[in-house]
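Q:
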Amino acid sequence: MAKRLSERRRERGTSSSAGRERRSKRAQRAHHSAAVGRRNPALTWGLRFLVVGYLLMLVLWPSWYVVQHTFADGLTGIQTALQDPDVQHALLLTAEVSVLAVAINLVFGVGVSLLLVRYDFPGRRVLSALIDLPLSVSPVVVGLALVLVYNGRYGWFGPWLEDNGIQIIFSWPGMVMATCFVALPLIIREVVPVLEEIGDDQEQAARSLGASGWQTFWRITVPGIRWAIVYGVVLSLARSLGEFGAVKVVAGNVAGETQTATVLVQQKYQNFEQTTAYSVSFLLAFAAVLCLIVVALLRPKASKESR
Amino acid sequence: MSIEVKNVNKRFGDFVALDDVSVSLPTGQLTALLGPSGGGKSTLLRIIAGLDSADSGSISIEGTEATHLPPQKRNIGFVFQHYAAFKHMSVAKNVAFGLEIRKKPKPEIERKVNELLDLVHLSQFANRLPAQLSGGQRQRMALARALAVEPTVLLLDEPFGALDAKVRKELRDWLRRLHDEVHVTTVFVTHDQEEALEVADEIVVINQGRVEQVGTPDQLYDAPANDFVMSFLGDVTTLGGELIRPHDIEVDVTPGEPGAIEGSVSRVLRIGFEVRLTVLTDVGEVVTVELTRTNARRLGIAEGSRVYLNAVLGATRV
């Protein structure tokens, strides 16, 4: 665990200068290829072919296929899909659930990060390990676990909650919980290394200058970790938009009510409404790519700040 | 008395950082907490600041009981070894921080910040970020930031520890002059005995969680309370079973005075104006002696010479 964290920190250190490196790399390419040229050229080309081919077969071609099918009849496919009330509802629901889950994870994630880095308590290492659990456990299992605990008929809390008029399973609270669970580590794993790196000197200095805990948090801690937060939020958002397994188990898949975009894609595809399935897939992929672009645009700025 | 520390204990697990420490630090003076690394001096400073809490004992600052006050209520200024600059704020904003927290009116903050930046010679850097300053400049900024809130006491934790030797010496002189101007009660932690002797009005020697001695630099140097203080404040050697400073030994080539200790020179080392001899006495002691080059030449000392050693009159011995 400790090793993983330190590795990540090293990665961060190098990625902060990635912008500069990329620029200088372009300048050095002539020099580099001269050095590479001394190796067997056939091997070099073979390796290049392998890497490019791998990416092509695994990522680019399938993605392109989706785009191609979406726009097979120009924009009509997407227009038809967007006029379907089930699609509209599913996209809106996905957006709502994702934003809510990210908001909850943001507050909880920053809190847990501070707890893990700034405080020593019994069970700290256990908690730190548990936070990675959602990365290793299958989302379907997460969904089932939530159903077991919260369903209205035989769950642990479910009947009591239902008696008090709160439905969790087959409703949006359950979907938000499932999404929160799977995206839980993303913000924490971004914020923790940065908190460790900046240390608590600045916070102590702020306290000695008369700032309360709350003032210190807003004026010193948050500006120090803001780029980690932004990055974590974008990653969680992308993850939340694409969540399928856990949400499907928890939501019960009622079209127009508890059906999210990813679940809808699967259903439409199985019902031979391929164009709609492709169109919604495209929109989901587009949103994810947009998230990544936002991150890519923010990163160089972040490194300039920290230098 | 400005700061009263009474019967303070502090443990980190099994490690005893402070063992029943009681000390009074005088108002308006520059006091050094001096001792080896891990001796507890930084812990004591942090407990005075409220950044750590004592397991037992009490602290009062200018007559106010402060044992359980959080740091922000103690009205102290704290300067850290690694500056603890607020990285995302300009130099001026860093200095203004304490005043903004206290919700002072804007014009007053501006006036005060300018005044302090003048004092620490950083006026032309007001709009820079800390990352654009050198180590010495950053530490001066940290000092201005701590002084801005007009603290009752100024606490510095190894303030020059991270700086190179030359800047260190400059800042040391500058801190002394600054203190003579501002007169705020100042306590600083150092493991460098030269720094403490040069700058401080009063020195508290701390070792293994205990106060070994409190006194002025002269008192400590001339009348050390024990072996530890004697050896921590300067070079020592043993002559006739007693600790003595190597430059307090008189060397003769003829058996003049009664009671002189006889031996032979096993090593001669010249360092600039100074000559350092290693003498093996006939009773089996290894004694280090320092004398000036002129003196060594006059006596004609070389390796293998027979010499007679005496403590000079008025030498400090423990």
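Going down the list, the protein sequences come from chains A and B. So the first sequence is residues 11 to 317, counted in this note's numbering. So the second sequence is residues 72 to 389, counted in this note's numbering. From the three backbone atoms N, C-alpha and C, an ideal C-beta is built for every residue, glycine too.
Looking at the secondary structure, which residues open and close the beta strand (DSSP E) in which Val360 of chain B lies?
A: Counting along the chain, the beta strand (DSSP E) containing Val360 of chain B begins and ends at Val357 to Thr363.
Q: Between which two residues does the alpha helix (DSSP H) holding Gln264 of chain B run?
A: First-last of the alpha helix (DSSP H) with Gln264 of chain B: Gln264 to Val270.
Q: In this structure, does DSSP put Thr138 of chain B in helix, strand or coil?
A: Residue state, collapsed to three classes: coil.
Q: Name the one or two DSSP bridge partners that Ile320 of chain B has.
A: Paired residues: B:Ala382.
Q: Distance check for Val307 of chain B and Pro203 of chain A, CA to CA, integer angstroms please.
A: In a straight line, the C-alpha of Pro203 of chain A is about 47 Å away from that of Val307 of chain B.
Q: What does Ala120 of chain B touch in chain A if you count any residue whose Cβ is under 8 Å from its own?
A: The answer, in chain order, is Ser218.
Q: Classify His254 of chain B: buried if its beta carbon has 16 or more other beta carbons within 10 angstroms, exposed otherwise.
A: So His254 of chain B ends up on the exposed side.
Q: Could you say if the region 71–91 of chain A and the region 158–166 of chain A meet the contact criterion of at least three C-beta pairs nearer than 8 Å?
A: Result no; under three Cβ-Cβ pairs closer than 8 Å.
Q: Could you work out which residue in A:Val97, A:Ser138, A:Leu196 and A:Val61 is closest to Tyr279 of chain A when comparing CA atoms only?
A: Ranking A:Val97, A:Ser138, A:Leu196 and A:Val61 by Cα distance to Tyr279 of chain A puts A:Val97 first.
Q: Comparing the C-beta of Ser222 of chain A with each C-beta of chain B, is any distance below 9 Å?
A: Yes - at least one Cβ of chain B is within 9 Å of the one on Ser222 of chain A.
Q: For Ala88 of chain B, which three-state DSSP category applies?
A: Residue state, collapsed to three classes: strand.
Q: For a quick check, are the C-beta atoms of Ala120 of chain B and Asn80 of chain B less than 9 Å apart?
A: No, these two residues do not count as a Cβ contact at 9 Å.
Q: With DSSP collapsed to three states, give me the class of Leu214 of chain B.
A: Of the three classes helix, strand and coil, the one that applies to Leu214 of chain B here is helix, per DSSP.
Q: Taking Cβ-Cβ distances shorter than 8 Å, what residues in chain B pair up with Gly234 of chain A?
A: Result: Lys158 and His159.
Q: Are Ser73 of chain A and Leu122 of chain B closer than 9 Å when you measure CB to CB?
A: No.
Q: Going by C-alpha to C-alpha distance, which of A:Val150, A:Ser148, A:Val151 and A:Leu124 sits closest to Ala138 of chain A?
A: In the sequence as presented, Ala is not what sits at residue 138 of chain A; that position holds Ser. Taking only the C-alpha atoms, the option nearest Ser138 of chain A is A:Leu124.
Q: Kindly give me the distance between the Cβ atoms of Val336 of chain B and Ser376 of chain B, rounded to whole angstroms, as I take these residues to be in contact under 8 Å.
A: Confirmed, Cβ separation roughly 5 Å.
Q: Please determine, among B:Tyr379, B:Asp319, B:Val258 and B:Glu273, the residue with the shortest C-alpha to C-alpha distance to Val362 of chain B.
A: A small fix is needed here, since residue 362 of chain B is Leu in this sequence, not Val. Comparing Cα-Cα distances from Leu362 of chain B to each of B:Tyr379, B:Asp319, B:Val258 and B:Glu273, the minimum goes to B:Asp319.
Q: Run down chain A in chain order and give the residues with a C-beta less than 9 Å from the C-beta of Gly84 of chain B.
A: Correct list: empty, because the minimum Cβ distance to chain A is about 11 Å.
Q: Can you tell me the Cα-Cα spacing of Leu247 of chain A and Val257 of chain A, whole angstroms?
A: Straight-line Cα distance between these residues: approximately 15 Å.
Q: Under a three-way DSSP split, which group does Asn278 of chain B fall into?
A: Asn278 of chain B falls in the strand class under three-state DSSP.
Q: At the 9 Å Cβ level, is Ala215 of chain A part of the contact set with chain B, yes or no?
A: Cβ-Cβ to chain B under 9 Å: yes for Ala215 of chain A.
Q: If the cut is a Cβ gap below 8 Å, which residues of chain B does Gln212 of chain A touch?
A: Near Gln212 of chain A (Cβ distances below 8 Å), the residues of chain B are Ala155, Ala156, Phe157 and Lys158.
Q: Rounding to the nearest angstrom, what Cα-Cα distance links Ala105 of chain A and Phe118 of chain A in this structure?
A: Near 20 Å, if we compare the C-alpha coordinates of Phe118 of chain A and Ala105 of chain A.
Q: Using the beta-carbon count (16 or more within 10 Å), is Glu252 of chain B buried or exposed?
A: Label assigned to Glu252 of chain B: exposed.
Q: Give, in chain order, every unbroken run of the beta strand (DSSP E) that is at least 3 residues long and sits entirely within the region 122–178 of chain B.
A: As far as the region 122–178 of chain B is concerned, its whole beta strand (DSSP E) runs of at least 3 residues are 127–132 and 147–150.
Q: Whole angstroms is fine: what's the gap from Leu190 of chain B's alpha carbon to Gln214 of chain A's?
A: Cα to Cα, Leu190 of chain B sits roughly 24 Å from Gln214 of chain A.
Q: Alpha carbon to alpha carbon, how far is Ile147 of chain B from Glu283 of chain B? Give it in angstroms, no decimals.
A: Those two C-alpha atoms are separated by around 26 Å.
Q: Listed from N- to C-terminal order along the chain, which residues in the region 159–182 of chain B have their beta-carbon within a distance smaller than 7 Å of any beta-carbon of chain A?
A: Here the close residues are His159, Phe168, Gly169, Ile172 and Arg173.
Q: Just to confirm, is the Cβ distance from Gly371 of chain B to Val324 of chain B under 9 Å?
A: In this structure, Val324 of chain B lies closer than 9 Å to Gly371 of chain B by Cβ.
Q: Under 8 Å by Cβ, that's how I've got Gln264 of chain B and Gly305 of chain B pegged, so tell me the actual separation to the nearest angstrom.
A: The Cβ separation is near 7 Å, so the contact holds.
Q: Mapping the DSSP letters down to three states, classify Val264 of chain A as helix, strand or coil.
A: Val264 of chain A: coil per DSSP, three-state reduction.
Q: Please confirm if Asn297 of chain B has its CB atom under 9 Å from at least one CB of chain A.
A: No, because no Cβ of chain A sits closer than 9 Å to the Cβ of Asn297 of chain B.
Q: Decide if the region 127–134 of chain B is in contact with the region 203–219 of chain B; the criterion is three or more beta carbon pairs, one per stretch, under 8 Å apart.
A: Result no; under three Cβ-Cβ pairs closer than 8 Å.
Q: Is the shortest distance between the beta-carbon of Arg229 of chain A and the beta-carbons of chain B less than 9 Å?
A: Yes - at least one Cβ of chain B is within 9 Å of the one on Arg229 of chain A.
Q: Assign Ala197 of chain B to one of three DSSP states: helix, strand, or coil.
A: In this structure, Ala197 of chain B counts as coil in the three-state DSSP scheme.
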